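Worksheet: one structure, shown below.
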Amino acid sequence: MRTDSELFWDSLGPIVLGGITGTIPLAVVSFVIGLAIALGIALMRLSKVRVVSAIARFYISVIRGTPLLVQLFVIFYGLPSIGIVVPAWPCAVIAFSMNVGGYAAEVIRAAILSVPRGQWEAGYMVGMSSSTTLRRIILPQAARVSVPPLSNTFISLVKDSSLASLITVTELFRVAQQVAAFSQEFMLLYLEAALVYWVICLVLSTAQGRIETRLDRYVAH
Amino acid sequence: MSPTEPVAEAVLTVRGLHKSFGDTEVLKSIDLIVRRGTVVALIGPSGSGKTTVLRCLNGLEVPDGGTVDIAGELSLDFSAPVGKRALASLRDRSAMVFQHYNLFPHKTVIENVIEGPVQVQKRPRAEAEADADELLRRVGLLERRDAYPFELSGGQQQRVGIVRALALRPELLLFDEPTSALDPELVGDVLSVMKELADESWTMVIVTHELEFARQVADEIVFMADGVVVEHGTPTEVLKNPRHERTRQFLHRLLNPF
Numbered sequence: 426m427r428t429d430s431e432l433f434w435d436s437l438g439p440i441v442l443g444g445i446t447g448t449i450p451l452a453v454v455s456f457v458i459g460l461a462i463a464l465g466i467a468l469m470r471l472s473k474v475r476v477v478s479a480i481a482r483f484y485i486s487v488i489r490g491t492p493l494l495v496q497l498f499v500i501f502y503g504l505p506s507i508g509i510v511v512p513a514w515p516c517a518v519i520a521f522s523m524n525v526g527g528y529a530a531e532v533i534r535a536a537i538l539s540v541p542r543g544q545w546e547a548g549y550m551v552g553m554s555s556s557t558t559l560r561r562i563i564l565p566q567a568a569r570v571s572v573p574p575l576s577n578t579f580i581s582l583v584k585d586s587s588l589a590s591l592i593t594v595t596e597l598f599r600v601a602q603q604v605a606a607f608s609q610e611f612m613l614l615y616l617e618a619a620l621v622y623w624v625i626c627l628v629l630s631t632a633q634g635r636i637e638t639r640l641d642r643y644v645a646h
Numbered sequence: 023m024s025p026t027e028p029v030a031e032a033v034l035t036v037r038g039l040h041k042s043f044g045d046t047e048v049l050k051s052i053d054l055i056v057r058r059g060t061v062v063a064l065i066g067p068s069g070s071g072k073t074t075v076l077r078c079l080n081g082l083e084v085p086d087g088g089t090v091d092i093a094g095e096l097s098l099d100f101s102a103p104v105g106k107r108a109l110a111s112l113r114d115r116s117a118m119v120f121q122h123y124n125l126f127p128h129k130t131v132i133e134n135v136i137e138g139p140v141q142v143q144k145r146p147r148a149e150a151e152a153d154a155d156e157l158l159r160r161v162g163l164l165e166r167r168d169a170y171p172f173e174l175s176g177g178q179q180q181r182v183g184i185v186r187a188l189a190l191r192p193e194l195l196l197f198d199e200p201t202s203a204l205d206p207e208l209v210g211d212v213l214s215v216m217k218e219l220a221d222e223s224w225t226m227v228i229v230t231h232e233l234e235f236a237r238q239v240a241d242e243i244v245f246m247a248d249g250v251v252v253e254h255g256t257p258t259e260v261l262k263n264p265r266h267e268r269t270r271q272f273l274h275r276l277l278n279p280f
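Protein chains in written order, with the working numbering: chain A, 426 to 646; chain B, 23 to 280.
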């Protein structure tokens, strides 16, 4: 019979490994794709063409108005019934990135709107097109204001990625669940999983602070 | 311009420029001719439309009527909708200095200046930087080339704004109340740079409230009120011997604020 402390240390390796090979890649890949979706949706939302803007509003409304778990289940368990079978990991990436796309779109839209109109005009004045102005002048400035809210989105995503365990994706929480089921030490294992999530999020918060400092270099303090 | 000099060709010819914002008619048929190497000052009460004229010339506002010709090589008729390309061709030939500078805050001074030449005009970076350094040296800011705009005073930022416009090598320089946002003691630095440019025969259109500066530097003064050109002429004609009551009222109020 192993003591609690032996079980803790023996299971820490597999749980951390589940974090490194499961949770973090899942969160990072979903976040990157999600940001691309979000930028597209934000630009659609800002479009003067009513239909385009309405489509973006509808997307955001659906994503924010339905539980992430339900979105995940629709994709993993729902799609096969209409003949579309996608493996678990891609399913999780699709669900999470679409989810991030909806939430981050509003952040990015607000950040773009926070850049003064004169910056667009200065871009046009030096001869840039609107897409060049957006890329070289507006987005770099919008990035600075959107780092804190987008960091929140990413940290939430890291924690929400535990839902992927429910569609059989091997990640941090699923490893903890398996060890718990085997050892019957639920309290210990789930607290251990919580601890590892917490440490990951602490690291991310520190990284957020560094990025903010770096992007603040051109702002008066 | 003295009458004995030959009349220079018109760099800019504006005819019947018209612009409404919703139901408000901001410009009601503006005519304006700017000859090569001359300085035209647009003066008038706020809301008279002078800034809108300038913004139309840089394609930042799209007029809904009238024509704009630049140096006989570009001719735009705004009575029909014009495309983005037409507005871009307008911007290719003019450069603007903004009231609030509108420098790119995330770029250093030198990056601000070469952004247009390198990114848009596709000039080699080294060449653009050398030109920019020379321009910065002339306005006394070469040693601040690697500073960010927030590290500069308003007067320094506006001089960078002027250099950014010059670096585009425009035919026409447009100034939108370039000293209105500045602390009084910083106005002189900017005006003296502008005076030098005038002496070097840059073609300039300046919207300004600095009447004394306009008197000294402008070849022609255009007085606008309520979206029309009330009168125009040499500084002496308009400022000393205005023909219209509206001009006299404006000058009186500006010279006797209390």
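Beta carbons are placed, not taken as given, at the ideal position from N, Cα and C, and that holds for glycine. All values reported here derive from a predicted model rather than from experimental measurement.
- Cβ-Cβ distances below 8 Å link Thr557 of chain A to Gly548 in the same chain, with the five nearest sequence neighbours on each side left out; the list follows chain order.
- Chain A places a beta carbon closer than 9 Å to that of Ala187 of chain B, counting this residue as a contact.
- Residues of chain A whose Cβ lies closer than 8 Å to the Cβ of Leu190 of chain B are, in chain order, Val551 and Gly552.
- Leaving aside the five residues that flank Val621 of chain A on each side, the residues in its chain whose CB is nearer than 7 Å to its CB run, in chain order, Ile440, Val441, Gly444 and Leu597.
- Between the region 194-204 of chain B and the region 74-87 of chain B there are three or more C-beta pairs closer than 8 Å, enough to call the two in contact.
- For Ser116 of chain B, the pairing in a beta bridge is given by DSSP as B:Leu194.
- Bridge partners of His274 of chain B according to DSSP: none are assigned.
- When the beta-carbon positions are compared, Gly38 of chain B and Thr73 of chain B stay at least 9 Å from each other.
- Note that the region 522-535 of chain A touches the region 457-472 of chain A; at least 3 beta-carbon pairs, one per stretch, sit closer than 8 Å.
- Exclusion of the five residues before and after Arg237 of chain B leaves Pro257 and Leu261 as the residues of its chain whose Cβ lies within less than 7 Å of its Cβ.
- Non-local C-beta neighbours of Leu575 of chain A in its own chain, meaning closer than 7 Å and more than five positions away in sequence, comprise Ala529 and Val532, ordered along the chain.
- Taking the Cβ atoms as the reference, Val104 of chain B lies roughly 11 Å from Leu96 of chain B, outside the contact range of under 8 Å.
- Our two residues, Ile92 of chain B and Thr35 of chain B, have alpha carbons roughly 7 Å apart in a direct line.
- Not a single C-beta of chain B is nearer than 9 Å to the C-beta of Arg639 of chain A.
- Note on geometry: alpha-carbon atoms of Val182 of chain B and Gln633 of chain A lie some 33 Å from one another.
- By the rule that beta-carbons nearer than 9 Å mark a contact, Ile562 of chain A touches chain B.
- Assigned with DSSP and collapsed to three states, Asp205 of chain B falls in coil, not helix or strand.
- Ser42 of chain B is bridged by DSSP to B:Glu47.
- In this structure, DSSP gives Glu253 of chain B an extended state, which the three-state scheme calls strand.
- Note that the region 504-512 of chain A does not touch the region 558-571 of chain A; fewer than 3 beta-carbon pairs, one per stretch, sit closer than 8 Å.
- Residue-level contact check: Arg642 of chain A touches chain B, since one or more beta carbons of chain B fall below 9 Å from its beta carbon.
- Between Ile592 of chain A and Thr448 of chain A, the gap from beta carbon to beta carbon reaches 9 Å or more.
- Exclusion of the five residues before and after Pro264 of chain B leaves Arg270 as the residues of its chain whose Cβ lies within less than 6 Å of its Cβ.
- Taking 9 Å as the threshold, the shortest C-beta distance from Thr428 of chain A to chain B does not fall below it.
- Counting along the chain, Ala247 of chain B sits inside the beta strand (DSSP E) bounded by residues Glu242 to Ala247.
- If you check the CB distance, Asp241 of chain B and Val62 of chain B come in under 9 Å.
- Counting C-beta atoms within 10 angstroms of its own C-beta, Val644 of chain A has fewer than 16 neighbours from the protein chains shown and is therefore classed as exposed.
- Gln178 of chain B is outside the set of residues whose beta carbon lies under 9 Å from a beta carbon in chain A.
- Secondary structure of Ala535 of chain A (DSSP, three-state): helix.
- Beta-bridge analysis with DSSP links Met226 of chain B to B:Val61 and B:Leu195.
- DSSP places Leu627 of chain A in the helix class (H, G or I) of the three-state scheme.
- In the displayed model, Ser68 of chain B falls within coil according to three-state DSSP, outside both helix and strand.
- Among the residues facing chain A, Lys129 of chain B is included, as its CB has a counterpart in that chain under 9 Å away.
- Membership of Leu98 of chain B in the beta strand (DSSP E) is indicated by the continuous run Leu96 to Asp99.
- At a cut-off of 9 Å between beta carbons, Ala645 of chain A contacts chain B.
- Arg37 of chain B is bridged by DSSP to B:Thr89.
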